[in-house]
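Trainee: Before I ask anything, let me first share the structure, which is written out below as structure tokens.
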Ligand code: TRP
Ligand code: SF4
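Residue numbers (the numbering used here): 74 to 411.
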């Protein structure tokens, strides 16, 4: 049986942290064995938000590639590519943009939330919503369908974008004839990873993240500052591990001593400093192989470039095939034999 195509994307806007790892990339590493996997470094999409900061996007493309390779994305199994180097995606976006109303885009819950966040962040100082930003779900539909993506591994917040893509595909097929595949979302088991501060989400802008590239000293400092049970004052006070971020991370990285941590914490037989020190060691151990691979790729930038160039060239061939079908369907395949 032919393998199904999976496509997923990620915006290059900074380094990967544990939230990305447990919520997304770890699953991609598993999926690449079973599926024909395309992983898009979505620089065009990153620019919809960062058009005035192209340097950040440029630097993040390589950093992101390094982080992805370091967690185990295997260029022999997965096609890792750069969005802006595939003009077919931009081309498809133009044709799809006729199939979506502005009202529908404004109603997209993900877009709505993001517009709200922008308003809160910039208030009246904001420049307003750009055409490119409002249209990014259309471009994301092009990302997916350019590679015949049947399954799209994403977080829950992305579901409205997949729905929007499905609508575009249906409309396209209705008007121009059965051409494109309707994709399904593939939700990961771990939806959201909490931050060191107890916030529901680990995020770059929240300053509560452990990065895969953090050195051992940084990991130590961050864990020492993690939120514990606020009712525990003295070393031998009994506490509630369920409200403690240190306990949460012990669990996340599967400390085999977890039962003891829980019992001792509840009994007041464990001090928080000791408990944090134990987590620091385990976390450093957990991240060590990843940091070693990060260092390897950082020392071999020409290898990273080669992987990106080859992946992009493979991806481009697939997108060209799709574009041929699309041109034919829309009847703009001038000078091709009928
Ligand atoms: N919008 C996604 C995010 O912010 C990134 C992305 C870009 C994507 N293109 C995609 C995800 C295609 C899935 C499929 O996380
Ligand atoms: Fe958290 Fe450990 Fe302190 Fe309990 S002992 S509150 S689990 S840090």
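For glycine and all other residues, C-beta sits at the position ideal for the given N, C-alpha and C.
With distance defined between alpha-carbon atoms, name the residue in 218, 309, 214 nearest to residue 398.
Mentor: Nearest of 218, 309, 214 to residue 398, Cα basis: 218.
Trainee: Tell me, to the nearest whole angstrom, how far the beta carbon of residue 254 is from that of residue 223; I am working on the premise that it is less than 8 Å.
Mentor: 6 Å
Trainee: Does any heavy atom of ligand 1 sit closer than 6 Å to the C-beta of residue 341?
Mentor: no
Trainee: Under a three-way DSSP split, which group does residue 113 fall into?
Mentor: strand
Trainee: Going by other Cβ atoms of all chains shown within 10 Å of its Cβ, with 16 needed for buried, is residue 250 buried or exposed?
Mentor: exposed
Trainee: Do residue 292 and residue 357 have their CB atoms nearer than 7 Å?
Mentor: yes
Trainee: Going by Cα to Cα distance, which pick from 118, 349, 210, 220 is closest to residue 299?
Mentor: Taking the Cα of residue 299 as reference, the smallest distance to any Cα among 118, 349, 210, 220 is reached at 349.
Trainee: Give a yes or no on whether the C-beta atoms belonging to residue 114 and residue 80 are separated by under 7 Å.
Mentor: Not a contact, by the Cβ cut-off of 7 Å.
Trainee: Runs of 4 residues minimum, wholly inside the region 296-361: which ones carry the alpha helix (DSSP H) assignment?
Mentor: 318-325, 331-340
Trainee: What do you reckon, are the CB atoms on residue 183 and residue 226 nearer than 7 Å?
Mentor: no
Trainee: On the premise that residue 214 lies in contact with residue 241, defined as a C-beta separation below 8 Å, what is that separation, rounded to the nearest angstrom?
Mentor: Confirmed, about 5 Å.
Trainee: Shortest alpha-carbon distance to residue 323 belongs to which of 170, 396, 355, 409?
Mentor: Out of 170, 396, 355, 409, 355 has the C-alpha closest to the C-alpha of residue 323.
Trainee: Starting from residue 127, follow its DSSP beta bridges and name the residues at the other end.
Mentor: DSSP output for residue 127 lists no bridge partner at all.
Trainee: Just checking my contact of residue 132 with residue 108 at CB under 8 Å: how many whole Å lie between their CB atoms?
Mentor: 30 Å between Cβ atoms; not a contact.
Trainee: Alpha carbon to alpha carbon, how far is residue 318 from residue 202?
Mentor: 37 Å
Trainee: Mapping DSSP to helix, strand and coil, what is residue 222?
Mentor: Here residue 222 sits in coil by DSSP.
Trainee: Sorted by chain position, which residues of the same chain lie with C-beta nearer than 6 Å to residue 92's C-beta, five sequence neighbours on each side aside?
Mentor: Here the set comprises 266, 275.
Trainee: Does ligand 2 have even one heavy atom less than 6 Å from the beta-carbon of residue 322?
Mentor: no
Trainee: Report yes if the CB atom of residue 96 is closer than 7 Å to the CB atom of residue 228, and no otherwise.
Mentor: yes
Trainee: Considering only C-alpha positions, which residue in the set 320, 279, 325 is nearest to residue 333?
Mentor: Nearest option by C-alpha distance: 320.
Trainee: Please state the DSSP three-state secondary structure of residue 248.
Mentor: helix
Trainee: Out of 346, 341, 243, 314, which has the shortest C-alpha to C-alpha gap to residue 331?
Mentor: Here the closest residue by C-alpha is 314.
Trainee: Assuming residue 278 is part of the alpha helix (DSSP H), what are its boundary residues?
Mentor: Neither: residue 278 is in no alpha helix (DSSP H) and is coded neither H nor E.
Trainee: If you reduce the DSSP assignment to three classes, tell me which class residue 82 lands in.
Mentor: strand
Trainee: Is residue 173 helix, strand or coil when you go by DSSP?
Mentor: coil
Trainee: Confirm, please, whether the CB-CB distance from residue 102 to residue 116 is below 7 Å.
Mentor: no
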